[in-house]
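**Q** The structure that follows is given in the form of structure tokens.
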Amino acid sequence: MKKFLIAAVALLVSLSMSAQLRVTAGYLNSDLKSGNVSWNGNGFYAGILYQLPFTETVGLEPGALFDYIKYGDEDFNTNLYFLRVPLHLTYGVEMAPDMTIFGTAGPGLSIGLGGEDDPFGDDGLKRFDIPLGLEVGFRYMSRFDIRVGYDWGLLNMVDEGKLHRNNLHLGVAIAF
């Protein structure tokens, strides 16, 4: 049992030594879709990503991102705030020295924090969603990322009818 605990601690220490914290921010385009009707919103996201490599090419990337989206047209006009917590597997291929192309995929959790006129609650939108995300990017010198991705909201966000939230995001990340 002691050998197992020592091996587990050594593995955790080695993973944390090679892990990188990244600060990320970017543009966010979000659609609320209900059947053939869609409300489009624009905004931004900002937050942190934590990269835990398992091998040189495969790893895990959890994060915590704040989303701000402003939806607006003649029928629907509001601001919404979410906390998005992705938990993605990563795969990267070094194309040249200091240049890597990578992809991430996996589930996450999206939590409605609030917005204009408190849109979440008994008669409003449901607060929780599980987005399934897919992302591709380019990394330079293991420090600077350019990323583009899409998240599909899997849960219905209203009690009556159907409403799903999908996001397209484009941003940058810097490792520390």
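Sequential numbering from 1133 applies to the sequence shown in our numbering. We put the beta carbon where it would ideally sit given N, CA and C, even for glycine. Note that the coordinates shown come from a computational prediction; the quantities given were computed from them, not determined experimentally.
Does DSSP put Val1190 in a helix, a strand or coil?
**A** strand
**Q** Sorted by chain position, which residues of the same chain lie with C-beta nearer than 7 Å to Tyr1223's C-beta, five sequence neighbours on each side aside?
**A** Around Tyr1223: Thr1189, Val1190, Phe1234 and Gly1235.
**Q** At what residues does the beta strand (DSSP E) containing Glu1165 begin and finish?
**A** Strictly speaking, residue 1165 in this sequence is Lys, with Glu absent from that position. First-last of the beta strand (DSSP E) with Lys1165: Gln1152 to Ser1166.
**Q** In the DSSP output, what is Asp1261 paired with across the bridge?
**A** Ser1242
**Q** What do you reckon, is the C-beta of Leu1287 under 7 Å from a heavy atom of the ligand ADP?
**A** With respect to the ligand ADP, the structure offers nothing, as it holds no ligand at all.
**Q** From which residue to which residue does the beta strand (DSSP E) around Ser1274 run?
**A** Per DSSP, Ser1274 belongs to no beta strand (DSSP E) and is neither H nor E.
**Q** Can you tell which of Ala1157, Ile1201 and Leu1164 has the C-alpha that lies nearest to the C-alpha of Ile1180?
**A** Ala1157
**Q** Is it buried or exposed, Asp1277, if we count other Cβ atoms within 10 angstroms and call 16 or more buried?
**A** buried
**Q** Here's the rule: buried if 16 or more other CB atoms are within 10 angstroms of the residue's CB, otherwise exposed. What is Tyr1159?
**A** exposed
**Q** In the DSSP output, what is Pro1218 paired with across the bridge?
**A** Gly1240
**Q** May I have the straight-line CA-CA distance separating Ala1151 from Ile1306, to the nearest angstrom?
**A** 13 Å
**Q** Whose C-alpha, out of Asn1299, Gly1303, Phe1308 and Val1304, is nearest the C-alpha of Asn1161?
**A** Asn1299
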